[in-house]
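Report on the following structure.
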Amino acid sequence: MRDQHTDSRGESTGHSRRDLLRTAPLGALAAGFAGCLGGGTGGGSATGTGGGGGTTVRWAGTQNPDTTCWDFGENLPEGPEGCGLVYPVFELGRRLDEREDAPNLALVGSKELCSEQSCMSKLDSKVIHLGSSSVANSAKIWPENELWSIPYTFPVHQRAAIGYSFVHPTTWEEYWVPFAKKYNVVPIGFDPPGYRAHLIGTGSDPGSPITSPADFEGRKIRTTQSEVISTAFDELGMNPITISFADTLQGMKSGVVDGLEIITPYAVAAQITSMTAQVTLTQWAPGLDPIWCRVDFLKSLSEAERTAFAEVTADLAEQSIQRTDRTYERFQGLSPDAPVEGSNFHTEGPDGEPVQVNWLSEDDLDAWREPVDPVDNRDLYSEAIGRVHDAFTDGFFDRLYDLARESGVPDQSKNFTLDAWWDDYLDRI
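Each residue of the sequence shown is one higher than the one before, starting from 0 at the first, in numbering that gives the first Met the number 0.
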């Protein structure tokens, strides 16, 4: 593990909503999904004088502090009441606030600056300087990120492989450095990486387990704007649609929308599980929601601020990956042992009852994998792969696929250690 500042707070200690709102000059934080970190104290600038005398960055995110937590215990029920999403941004603010040498992170209501759909474009146009978006949604602005959503690039039953590959030194050198040179953006954090899953609403529940692509054939499934995910949907016989989360929630209840494909903690945080009859764990694409940061902002920090920012974000990134298995298997309850009593998918289903969790057999997984696996169906993703090989590094996708399966991938996420981070490469950008 890289040398870094040690956080002294115990695992069970929380931070209060008052502490979060104390630094929110533009109003209360709103509920939702994607986040945006933005501008400073005036005139659209990202910098200003904070309480500690250093640089101030305003955070305008749609992660809701009432449904988001960072620390949770070993015993169920875990986490603060109502927590559905484990995400590091509020903890990032707390840890920066503890250090006199770090920039200040001020928290701003999300609707003041951006929404789920506009956050990355505002980051790209310098309206804000840090922001959160899943790799799938970010591909609308940065199309090379389509590569991360190619189904079964990462092995099933091995969540640690996702985080391991995402921040591997090879990935930094061959993907994130050229990505940053082109877009002036790098990832500086993320939620515990897991798999996206397929949910079926109460209005479309057939009453028996939905486990195969044939069971989903023709169903209207809400998804992101990712091209490769839509391509895979077509190959599997599903009908991909793109609508708002609010419309999805009502549509799943009425049957207008049959279900959705999503990073599962966001379904809990948005109360979509209250309209979900079944969740099918296809393990087909990574569920990863990074915090993206403008490179010019990082370079504008003083050396002391940049060092502190790197240490805090590296520590949180390592912990995010280490928490992955526990977050999904125990806190979310998405494991072969489902229903896991007290977990989110056990307590946050329709009328407070469990959501049926469909853990797939190897034969079931093969039925999902064979039509869309990139090894045997590379032509489906030739544009996404070629785009990265032409713009960044030739052959990177093949190395990414191998990285996720190499011997260095820890057998459990808790054994992960971070070997490379953005500050190691900043002088190359």
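Idealized CB from N, CA, C, for every residue including glycine.
For residue i, report the span of its beta strand (DSSP E) as first-last.
i: Val166; result: Taken as a continuous stretch (DSSP letters only), Val166 belongs to no beta strand (DSSP E), as it is neither H nor E.
i: Ala276; result: 275-279
i: Gly188; result: 184-189
i: Val408; result: Looking at the DSSP string, Val408 is not in any beta strand (DSSP E), and its letter there is neither H nor E.
i: Val356; result: 355-357
In angstroms, rounded to a whole number, what distance separates the CA positions of residue i and residue j?
i: Arg322; j: Thr241; result: 31 Å
i: Asp375; j: Ile161; result: 21 Å
i: Phe344; j: Ser299; result: 43 Å
i: Gly50; j: Val56; result: Low confidence applies to Gly50: its pLDDT is 38, below 50, so where it sits in the model is not reliable enough to give any reading.
i: Asp422; j: Pro177; result: 15 Å
i: Val387; j: Arg158; result: 24 Å
i: Gly202; j: Ser164; result: 38 Å
i: Tyr265; j: Gly83; result: 7 Å
i: Ile187; j: Asp123; result: 16 Å
i: Val88; j: Gly254; result: 35 Å
i: Leu287; j: Glu173; result: 19 Å
i: Ser412; j: Asp257; result: 33 Å
i: Ser301; j: Trp420; result: 18 Å
i: Ser342; j: Arg218; result: 28 Å
i: Phe396; j: Arg427; result: 22 Å
i: Trp358; j: Glu382; result: 32 Å
i: Arg398; j: Val166; result: 13 Å
i: Glu405; j: Val278; result: 30 Å
i: Ile384; j: Gln249; result: 36 Å
i: Glu97; j: Ala313; result: 16 Å
i: Ala213; j: Leu379; result: 20 Å
Tell me which residues share the same chain as residue i and place their Cβ nearer than 8 Å to its Cβ, disregarding the 5 neighbours each side in the sequence.
i: Asp372; result: Pro150, Tyr151
i: Asp100; result: Gly53, Ala303, Glu304, Thr306, Ala307
i: Ala390; result: Glu143, Pro177, Lys181
i: Asp246; result: Val256
i: Glu369; result: Asp375
Quick one: what's residue i bridged to in DSSP?
i: Val290; result: According to the sequence displayed, residue 290 carries Ile and not Val. Per DSSP, Ser131, Gly188.
i: Ile491; result: Here the chain has residues from 0 to 428 only, and residue 491 is not among them.
i: Cys68; result: Val85
i: Gly341; result: In the DSSP output, where bridge partners are listed per residue, Gly341 has none listed.
i: Ile220; result: Pro239, Gly258
i: Gly200; result: Thr275
i: Tyr150; result: It is worth fixing the name first, because residue 150 is Pro in this sequence and not Tyr. Answer is none; Pro150 lacks a bridge partner.
i: Pro285; result: Tyr194
Do residue i and residue j have their CB atoms nearer than 8 Å?
i: Pro205; j: Ser273; result: no
i: Met251; j: Phe215; result: no
i: Ala284; j: Tyr194; result: yes
i: His197; j: Thr281; result: yes
i: Leu458; j: Leu91; result: Only positions 0 to 428 of the chain appear in the structure, and residue 458 is not among them; the question remains open.
i: Ala269; j: Phe232; result: no
i: Val227; j: Glu143; result: no
i: Leu259; j: Ile220; result: yes
i: Tyr229; j: Thr222; result: Rather than Tyr, the amino acid found at residue 229 in this sequence is Ser. Result yes, Cβ atoms of Ser229 and Thr222 sit closer than 8 Å.
i: Ala276; j: Gly200; result: yes
i: Pro154; j: Ala403; result: yes
i: Trp147; j: Val126; result: no
Please go through the same chain and pick out, in chain order, the residues whose beta-carbon is closer than 6 Å to the beta-carbon of residue i, but skip the five residues on each side of it.
i: Pro191; result: Val85, Ser319, Arg322, Thr323, Thr326
i: Tyr424; result: Trp171, Val176
i: Asp393; result: none
i: Glu328; result: Ser334
Among the residues of its own chain, which have a CB less than 7 Å from the CB of residue i, if the five just before and after it don't count?
i: Asp418; result: Pro168
i: Ser120; result: Ile140
i: Val408; result: Gln157, Ala159, Ala160, Tyr163
List the endpoints of the continuous alpha helix (DSSP H) containing residue i.
i: Val387; result: 381-390
i: Asp249; result: Checking the sequence shown, residue 249 turns out to be Gln, not Asp. Its alpha helix (DSSP H) spans residues 244-253.
i: Ile320; result: 302-321
i: Phe395; result: 395-402
i: Leu122; result: 118-123
i: Trp367; result: 361-368
i: Ala451; result: Residue 451 falls outside the range modelled here, since the chain spans only 0 to 428, and no answer is possible.
Flag residue i as yes if its beta-carbon sits less than 8 Å from any beta-carbon of chain C, otherwise no.
i: Glu317; result: Within the model displayed, chain C is absent; a lone protein chain is all it includes.
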